[in-house]
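Protein chains in written order, with full-length UniProt numbering: chain A, 1 to 327; chain B, 1 to 448.
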């Protein structure tokens, strides 16, 4: 309220003080502008510090302790690298979770991107009602992390679920997909692939950017559809593919909700859906080993950073930017 | 803002014409509030321990429990009754479903904001007690402020962790084998009875499967409470002090017992068993119709009944029923750092020993711990399912053995490792011996 008016010339509110400052010279002006900038930024800055930065650093500290979440901070004991050592050398379920997660990401992410690109190509035509189809295909990913969707999935892929009823129409006896340790993870992959809407929309946007002249020129040169796709669409789309690949890989590694719901929070049957983040959650909250879970979280962060860095370093061999500049 | 407010507020117009005084006063007032508010809250926080000096000082007690709507209603009514009798005490009530309850309780505790009074079960009591989170109620028990004189001794003792009374039983229950009466009657099959041996039970289940096409019994090899009862019948236990009370050989025999049962088709297939391994009442095979029996806690009968139209019966687990005990279905514990310890303990005492409160709460948290009041409540109850489980519990009470020690720190991990190992054997991914060895190894590191 003090900023709005300055009723008494002898008593200047901050507002009038700033007005004066701005008259004194460009340096002061910029300084006070900067200050105002920070003031306006402050809610976000406080949020960043309070909700992200400080807890992150705290968790880094806790990863070197035996913190169990119930004991006050002041009483936690420094255990050095013990948590990391245990993770790498003495915890079979940790490595099991790593294997599950990597398997999931290696299979689900490429298939999801392929599905997204395939459908985007189909929906890139000017059909009647194509907008409706775009919306319908996008819908599953809007429901993305939702618990409801995972519950629907569990019921669809039960032994007596809708999917097996469908199979039985063709005389096929189904499996208890979600309750079979050999198939539970695959069922999760299908769920992830089915939610290809978000990358699809980005692919669609990318496809719209490809100049039609290129296709015209290619067809004049006698290139068929396949050739056009390989030599025009893919290179022109490569930045978008790259973007989706990085994003979806990170998403894939972080898969949690579906696995949690499908297995009732246990990663079962027989640990077949024990994704990394689920294992981390169980370690922290069920087994009350938050220090160890923090260590897992930091290794996870580093692993994702490394994977992303690898993508970026290989990207220069296959990502083409239309302005000809290699990045 | 409001027309009636004096013109000291920040009305946008005309302020320039006014003297600076009101504005200055406003600013000063704001400053005063900013400075004083924390002081006031701080003072309030400090003053709380004064309840000992002034019994009528207002107290707001936070209380947290898990359960459904029905439990919430009963608990709220009982707490309202307490407030009626002690007008200075009001409650800040929080409750939620079982799923996620302990995550939240741990998070609240970690955030330095745990409830004064909370519900807890034997899966976590030792975890919390070992970390010095729960108040030792022994001195209150000794002074009579927490009256356990009418409790079965083994029941309150089942709240003792490392010599400290970490929680007081909110009710009593025991292991219950629930079976589908309707199904058995329809096929002219005999009902199972308490005292049948495990072999007899499996033979009976085999017969049920053959006649009804519904698998006779849910394979409980992943169920820690079934393993526990079975171990006690072998003279072993789940825990002995800070160690496991059994060996890999014991578990091998347990897994082999059930492998035999599966091979004889006395149980459903592994994937169906897996569904039933969930702690969710609605997924118990006896109510989903996928098995004729389920291995549960006897006080879950009314909840199970809600999920099926069939008539249900409940008996003890197979073998000698003296292996079972008066188990605290759940406890009330007080946070050690609570500012209202005395009041919180008094509330626990009230919920367990006040006749009106106990009548209100009924058997929702298990049979009332106070034996005199248990009689009152069981005479009062009209719910047939509850009548049944009271009858069974009353019958078993005569046969109950000594309570075991409360599960130790690391128990939650032991439970999940048992499920993993048993399922490994059920799905045929490991032999019973391999699964048992793996289980014992995992447990040893979990409780280390």
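Backbone N, C-alpha and C define an ideal beta-carbon position, used for all residues, glycine too.
Check: Cβ shell of residue 164 (chain B) (< 7 Å), same chain only, five flanking positions each side left out; Outcome: 129, 136, 138
Check: Residues of the region 277-289 of chain A with Cβ closer than 8 Å to any Cβ of chain B, in chain order; Outcome: 282, 285, 286, 287, 288
Check: Cβ distance (whole Å) where residue 231 (chain B) is taken to contact residue 444 (chain B) below 8 Å; Outcome: Not confirmed; about 16 Å, so no contact.
Check: Residue-chain proximity (residue 113 (chain B), chain A), Cβ-Cβ < 8 Å; Outcome: no
Check: Closer than 8 Å to chain A by CB, residue 379 (chain B); Outcome: no
Check: Interface residues of the region 61-72 of chain A facing chain B [CB-CB below 9 Å]; Outcome: 67, 68, 69, 70, 71, 72
Check: Min CB distance residue 89 (chain A) to chain B below 8 Å; Outcome: no
Check: Same chain only: Cβ atoms within 8 Å of residue 23 (chain A), ignoring 5 sequence neighbours per side; Outcome: Residue placement at residue 23 (chain A) is flagged as unreliable, the pLDDT there being 49, under the threshold of 50; the coordinate-derived value follows with that caveat. For residue 23 (chain A), where only same-chain residues beyond five positions count, there are no Cβ hits under 8 Å.
Check: Cutoff 8 Å: residue 5 (chain B) Cβ touching any chain A Cβ; Outcome: Bear in mind that the predicted position of residue 5 (chain B) carries a pLDDT of just 40, short of 50, making it too unreliable to give a figure here.
Check: Cβ-Cβ distance between residue 208 (chain B) and residue 189 (chain B) below 8 Å; Outcome: yes
Check: 8 Å Cβ cut-off: residues of chain A touching residue 127 (chain B); Outcome: 70, 288
Check: Check whether residue 65 (chain B) and residue 99 (chain B) have beta carbons under 8 Å apart; Outcome: no
Check: Whole-angstrom distance between residue 153 (chain B) and residue 74 (chain B), CA atom to CA atom; Outcome: 26 Å
Check: Euclidean distance between Cα positions of residue 291 (chain B) and residue 304 (chain B); Outcome: 14 Å
Check: Buried versus exposed call for residue 321 (chain A) [16 or more other C-beta atoms within 10 Å across all chains shown]; Outcome: exposed
Check: Other residues of its chain near residue 353 (chain B): CB distance less than 8 Å, five sequence neighbours each side excluded; Outcome: 147, 150, 370, 373
Check: Alpha helix (DSSP H) runs wholly inside the region 114-182 of chain B, at least 4 long, in chain order; Outcome: 125-130, 138-143, 153-157
Check: Chain-ordered neighbours of residue 235 (chain A) on chain B, where CB pairs are closer than 9 Å; Outcome: None at all; the shortest Cβ gap to chain B is about 47 Å.
Check: Coarse secondary structure for residue 137 (chain A), derived from DSSP in three states; Outcome: helix
Check: Which of helix, strand or coil DSSP assigns to residue 328 (chain B); Outcome: strand
Check: Beta bridge counterpart(s) of residue 294 (chain B) as assigned by DSSP; Outcome: B:178
Check: CB contact flag (residue 389 (chain B), residue 176 (chain B), <8 Å); Outcome: yes
Check: Reduced DSSP category for residue 75 (chain A) - H, G, I as helix; E, B as strand; rest coil; Outcome: helix
Check: Own chain residues within Cβ distance below 8 Å of residue 45 (chain B), not counting five before or after; Outcome: Confidence in residue 45 (chain B) is poor, its pLDDT being 39 and thus under 50, which makes the residue's placement too unreliable to answer from.
Check: Same chain, Cβ closer than 6 Å to residue 174 (chain A), neighbours up to 5 away in sequence not counted; Outcome: 164, 167
Check: Inter-stretch contact at 8 Å, needing at least 3 Cβ pairs: the region 216-227 of chain B / the region 255-267 of chain B; Outcome: yes
Check: Length of the line joining the Cα atoms of residue 48 (chain A) and residue 420 (chain B); Outcome: 40 Å
Check: Distance CB(residue 104 (chain B))-CB(residue 96 (chain B)) smaller than 8 Å; Outcome: yes
Check: Chain B contact for residue 155 (chain A) (CB, 8 Å cutoff); Outcome: no
Check: Separation of residue 227 (chain A) from residue 436 (chain B), as counted between CA atoms; Outcome: 59 Å
Check: CB contact check: residue 215 (chain B) to chain A, cutoff 8 Å; Outcome: no
Check: Cβ-based burial, residue 176 (chain A) [other Cβ within 10 Å; buried from 16]; Outcome: buried
Check: Residue-level contact to chain B via CB, residue 173 (chain A), 8 Å cutoff; Outcome: no
Check: Residue 207 (chain A) and residue 120 (chain A) closer than 8 Å at C-beta; Outcome: yes
Check: For residue 268 (chain A) and residue 323 (chain B), the rounded distance between their alpha carbons; Outcome: 30 Å
Check: Three-state secondary structure (DSSP) of residue 405 (chain B); Outcome: coil
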